[in-house]
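Position 7, counted from 1, in the sequence shown is what the UniProt record's numbering calls 7; the numbers after and before it change by one each time, with no gaps.
Built from N, CA and C at the ideal position, the CB exists for glycine as well.
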Amino acid sequence: MLEYFNSKLITYIDGRHTKAEVLKILVDLIGKNSDILKDEKHFYESIMAREELGSTGIGQGIAIPHTRSEQLDKIVVAVGLLENRINFNAPDGEDAKLIVLVGAPKGKNREYLSLVSDLTRTFRDKKFRESIICASNYQELLGSLAELK
């Protein structure tokens, strides 16, 4: 799973933001720091449309917004650790502090679903989850994510 993570697509997000703003920050990060994304606007709209379908908050401070999009050449993961939590309508009612955005091209369904499932399972590990959520800056976040298996 670690092969999907790129340090240029990981960020610490200061200040207060809405869900839409955080997702835009992550999409912009992908657009700026990779050549994977063909059209930022359409990809962002796809992410927002998926959010309208149902909650991507998995609980315990984690959200995994995800979508399949023709705007991508391959699977991409962008990570944002928030200074201030935001509501992602998680089943446990806890606001999200860590946002892991996953995008995949239309033809990569099995790999995409497997990655989202693996991420969800990984974040059930309390020690790992708390080491990430307790990070207070970019370097600490990178160090915690390096523990991914």
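**OP:** My understanding is that Y4 touches V77, with C-beta atoms under 8 Å, so please give their C-beta distance in whole angstroms.
**Re:** On the sequence shown, residue 4 is found 4 positions in, with the first residue counted as 1. On the sequence shown, residue 77 is found 77 positions in, with the first residue counted as 1. Contact flag correct, Cβ pair sits at about 4 Å.
**OP:** Identify whether G143 lies in helix, strand or coil by the three-state DSSP scheme.
**Re:** Residue 143 sits at position 143 when you count from the first residue of the sequence shown. Helix.
Original post:
Among S131, N84, D73, L142, which has the Cα closest to the Cα of K106?
Top reply: What you label residue 106 is simply residue 106 of the sequence shown in a count that begins at 1. The option with the nearest alpha carbon to K106 is D73.
Original post:
Just checking my contact of L37 with P65 at CB under 8 Å: how many whole Å lie between their CB atoms?
Top reply: For this step, residue 37 is matched to residue 37 along the sequence shown. For this step, residue 65 is matched to residue 65 along the sequence shown. That pair is no contact at about 15 Å.
**OP:** Look up R16 in the DSSP assignment and say whether it is helix, strand or coil.
**Re:** As a working mapping, residue 16 is identified with position 16 in the sequence shown. In this structure, R16 counts as coil in the three-state DSSP scheme.
Original post:
If F123 sits next to I58, beta carbons under 8 Å apart, how far is it from one beta carbon to the other, in whole angstroms?
Top reply: As a first step, residue 123 must be located in the sequence shown, where it is residue number 123. As a first step, residue 58 must be located in the sequence shown, where it is residue number 58. Between I58 and F123 the Cβ distance is about 7 Å, and since that is below 8 Å, they are a contact.
Original post:
Between the C-alpha atoms of R16 and I86, what's the straight-line distance to the nearest angstrom?
Top reply: Position 16 of the sequence shown, counted from the first residue, corresponds to residue 16. Position 86 of the sequence shown, counted from the first residue, corresponds to residue 86. Their Cα atoms are separated by approximately 8 Å.
Original post:
Among D35, T18, E45, T56, which residue has its Cα nearest to the Cα of L9?
Top reply: Within the sequence shown, numbered from 1, the residue matching residue 9 stands at position 9. Here the closest residue by C-alpha is D35.
Subject >> Helix, strand or coil at L82 according to DSSP, with G and I counted as helix >> reply: On the sequence shown, position 82 is the one that residue 82 refers to. If DSSP states are grouped into helix, strand and coil, L82 belongs with the strands.
**OP:** Identify whether K41 lies in helix, strand or coil by the three-state DSSP scheme.
**Re:** Here residue 41 refers to the residue found at position 41 when the sequence shown is read from its first residue. Helix at K41.
Subject >> Boundaries of the beta strand (DSSP E) in which I99 is found, first to last residue >> reply: Taking the first residue of the sequence shown as 1, we reach residue 99 at position 99. 96-104 is the extent of the beta strand (DSSP E) around I99.
Original post:
Using CA coordinates, which residue listed in A135, E130, R68 is at the minimum distance from L113?
Top reply: As a first step, residue 113 is located in the sequence shown; it is residue number 113 there, counting from the start. Of A135, E130, R68, the residue nearest in Cα terms is R68.
Original post:
How far does the alpha helix (DSSP H) with T56 in it reach, from first residue to last?
Top reply: Within the sequence shown, the letter at position 56 stands for residue 56. It is not in any alpha helix (DSSP H) - T56 carries neither H nor E in the DSSP assignment.
**OP:** Let me know if A20 comes out buried or exposed under the rule of 16 or more other beta-carbons within 10 Å of its beta-carbon.
**Re:** The residue you call residue 20 lines up with position 20 of the sequence shown. Exposed, by the Cβ-count rule.
Original post:
Is it true that the CB of L98 sits closer than 8 Å to the CB of I62?
Top reply: Counting from one through the sequence shown, the residue named residue 62 turns up at place 62. Counting from one through the sequence shown, the residue named residue 98 turns up at place 98. Yes. Within cutoff.
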